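Working notes, beginning with the structure itself.
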Amino acid sequence: MKHVIIGNGPAGVVAAEALRKADAAAEIVLIGAEPEPAYSRMAIPYLLEGDIDESGTYLRKTEGHFAGLRIRELQGRVVSMDTAQRKLLLADGQFETYDRLLVASGSHPVRPSIPGIDLPQVQTCWTLADARAIANLAKPGTRVLQLGAGFIGCIIMEALAARGVELTVVEMGDRMVPRMMTPKAGNMIRNWVENKGVRVLTGKGVQRIAAVAPNPGLLDRLAQAVGVGGKADTGGLTVTLSDGEEIACDLVIVAAGVAPNVGFLDNTGVQVAKGVLVDNRMQTSVPGIYAAGDVAEAPDLFTGAHLVAAIQPNAADQARVAALNMAGREARLPGVLAINVLDTLGLVSTSFGQWWGETAQNGGSGVELADDANHRYISLQFKDDVLIGATSIGHTEHVGVLRGLIQTRTRLGSWKDSLLQDPNGFMAAYLASAQSAA
Ligand SMILES: Cc1cc2nc3c(=O)[nH]c(=O)nc-3n(C[C@H](O)[C@H](O)[C@H](O)COP(=O)(O)OP(=O)(O)OC[C@H]3O[C@@H](n4cnc5c(N)ncnc54)[C@H](O)[C@@H]3O)c2cc1C
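Just so we're aligned, residue 3 is where the sequence shown starts under the numbering used here, counting upward by one.
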């Protein structure tokens with residue numbers, strides 16, 4: 003049996019190792035498009051902060067780890083597939099055949115089609131190559147404009163602040179993290195970062211990015227005058243916003259959403275919506291082809307509707323399930339639960355499940371409680387007496403309990419009314435319902 007895995011991020015690596023554990027004799031090939039050892043994108047902010055070096059981002063640190071497990075690593079980009087002949091074509095013209103295939107190709111950052119988006123001082127923050135470019139351009143005092151204040155945008159803010167840049171964030175939505183946080187929570191995060199010196203502009207888009215001609219002589223003289231060197235001499239930028247405001251900056255970081263890497267699946271019969279559609283065994287619409295991680299759209303825990311849950315723990319869980327099924331065992335994913343945990347310049351926020359709630363006609367009810375002075379907030383959303391979603395700010399302890407209550411679909415009975423009165427009592431509700439279940 004020959005298993006081929008497209009993508010050597012967390013999903014691909016976990017799947018390759020799980021396959022080896024399940025089948026000592028199988029041939030396993032792990033294909034990665036980037037010229038790097040297998041690494042974790044979520045470590046990039048720590049690299050930019052200087053907490054780790056590049057090797058700290060590597061998923062497996064022992065020399066010869068994959069060879070020791072008889073997992074063949076192949077560097078190359080898959081460009082097309084022939085599912086009838088079970089064959090992949092790589093960009094360099096090589097072919098690879100397979101018996102079972104895992105698509106674990108992740109996603110890529112979207113670059114909105116804006117004039118100037120391809121200028122060298124406009125960067126995404128997704129790969130190790132991106133991190134090197136940002137480290138080179140973002141020095142103390144560099145004026146950075148970040149396009150987008152979603153999950154990735156908020157995560158990288160800490161690293162940018164640690165590099166001493168002057169930061170402006172432009173978000174098209176009406177608040178920060180609009181696709182993951184309630185309006186109140188998004189605005190509390192905004193207040194927090196503004197108090198840390200970040201300029202935040204919401205409800206605005208970037209219309210144009212233009213390079214200002216560099217003036218090396220002037221820059222050299224300025225650098226000599228203030229005794230600094232090392233600021234990238236690439237010339238400045240002018241960013242024009244949708245309301246006509248012009249912002250001068252040195253670097254634009256694009257964090258405006260992602261799209262799955264699925265181009266090579268064109269004309270293969272593998273069904274793709276937002277991501278590759280899979281069942282709860284992680285199998286796609288084509289038998290023998292599986293998908294896991296950021297590229298996969300798997301059934302939601304509650305509704306069964308398909309959902310991309312682009313976080314590393316989901317990638318690993320899905321990869322394990324896919325690998326066991328590829329190896330001929332039976333494994334099922336109970337369903338995807340949206341889990342978002344963010345640390346935005348030191349403010350921890352979370353959202354779980356259907357955080358936006360359910361309509362009253364469908365048995366929905368909810369409560370939110372904010373303590374602005376202490377940067378604490380909680381919102382709980384119920385369907386009948388079951389907690390289906392939650393949002394929190396400033397709760398660092400016991401927040402996993404919210405996830406547990408949602409995941410186990412615990413019937414709260416009269417505890418629901420207590421929580422509608424005092425949502426901060428979720429720990430007591432959990433303990434009481436766990437005891438009655440026991
Ligand atoms: C800056 C940043 C911070 C993050 N922070 C967090 C966090 O705090 N917590 C969290 O849970 N998640 C975080 N994430 C998200 C997390 O990194 C992803 O959910 C995770 O990497 C998904 O793993 P994956 O294996 O599915 O995809 P990826 O890690 O994207 O790996 C996919 C691999 O496939 C390769 N590939 C793509 N196309 C092809 C092709 N055609 N042929 C061959 N290979 C291909 C890619 O090069 C890549 O190596 C962060 C992401 C970023 C960018």
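Virtual Cβ for every residue (Gly too), placed ideally from N, Cα, C.
None of the values given here were measured: they were computed from a predicted structure.
Residue i burial status per 10 Å Cβ neighbour count (16 or more: buried)
| i | result |
| --- | --- |
| A27 | exposed |
| E65 | exposed |
| R165 | buried |
| S109 | buried |
| T184 | buried |
| S57 | exposed |
| P262 | buried |
| D319 | buried |
| A317 | buried |
| A321 | buried |
| R22 | buried |
| A275 | exposed |
| Q87 | exposed |
| V214 | exposed |
| T346 | buried |
| R102 | buried |
| P12 | buried |
| N189 | buried |
| L267 | buried |
| P39 | buried |
Beta-carbon proximity of residue i to residue j, cut-off 8 Å
| i | j | result |
| --- | --- | --- |
| L414 | V388 | yes |
| V208 | V241 | yes |
| L139 | I73 | no |
| W417 | G391 | no |
| L50 | A137 | yes |
| A298 | V323 | no |
| A24 | R331 | yes |
| R181 | G152 | yes |
Close Cβ partners of residue i (< 7 Å) along its chain, the five nearest in sequence each way excluded
| i | result |
| --- | --- |
| P114 | A258 |
| F97 | K89, L90, L91 |
| Q77 | G34, P37 |
| S351 | M183, A187, I191, L344, S394, I395 |
heavy atom of ligand 1 below 7 Å from residue i C-beta
| i | result |
| --- | --- |
| M44 | yes |
| F384 | no |
| A135 | no |
| A312 | yes |
| G155 | no |
| N269 | no |
| G402 | no |
| S109 | yes |
| V297 | yes |
| G34 | yes |
| R79 | yes |
| A340 | no |
| F266 | yes |
| G11 | yes |
| I8 | yes |
| G166 | no |
| A18 | no |
| G14 | yes |
| I54 | no |
| C251 | no |
| W357 | no |
Own chain, CB closer than 8 Å to residue i, minus 5 neighbours either side, in chain order
| i | result |
| --- | --- |
| L243 | V172, L203, K206, G207, V208, Q209, I249 |
Distance between residue j and residue i (C-alpha atoms, nearest Å)
| i | j | result |
| --- | --- | --- |
| E196 | V124 | 23 Å |
| L344 | V179 | 10 Å |
| P47 | A212 | 27 Å |
| T410 | M429 | 15 Å |
| G9 | A362 | 43 Å |
| V16 | A300 | 18 Å |
| F384 | S438 | 20 Å |
| K63 | D386 | 48 Å |
| S107 | L422 | 43 Å |
| Q285 | Q273 | 11 Å |
| G306 | A187 | 27 Å |
| G155 | H377 | 20 Å |
| L309 | D424 | 31 Å |
| D302 | V338 | 5 Å |
| L162 | K141 | 9 Å |
| G366 | S287 | 34 Å |
| A372 | E160 | 24 Å |
Cβ-heavy atom distance, residue i to ligand 3, below 7 Å
| i | result |
| --- | --- |
| I291 | Ligand 3 is not part of this structure, which contains only ligand 1. |
Cutoff 8 Å: residue i Cβ touching any chain B Cβ
| i | result |
| --- | --- |
| R413 | Absent from the structure: chain B. Only one protein chain is present. |
Close Cβ partners of residue i (< 6 Å) along its chain, the five nearest in sequence each way excluded
| i | result |
| --- | --- |
| I408 | F354, G355, L389 |
| A29 | The identity of residue 29 in the sequence shown is Glu, whereas the question assumes Ala. Cβ neighbours of E29 beyond the five flanking positions: K4. |
| A436 | none |
| T126 | P111, D132, V256 |
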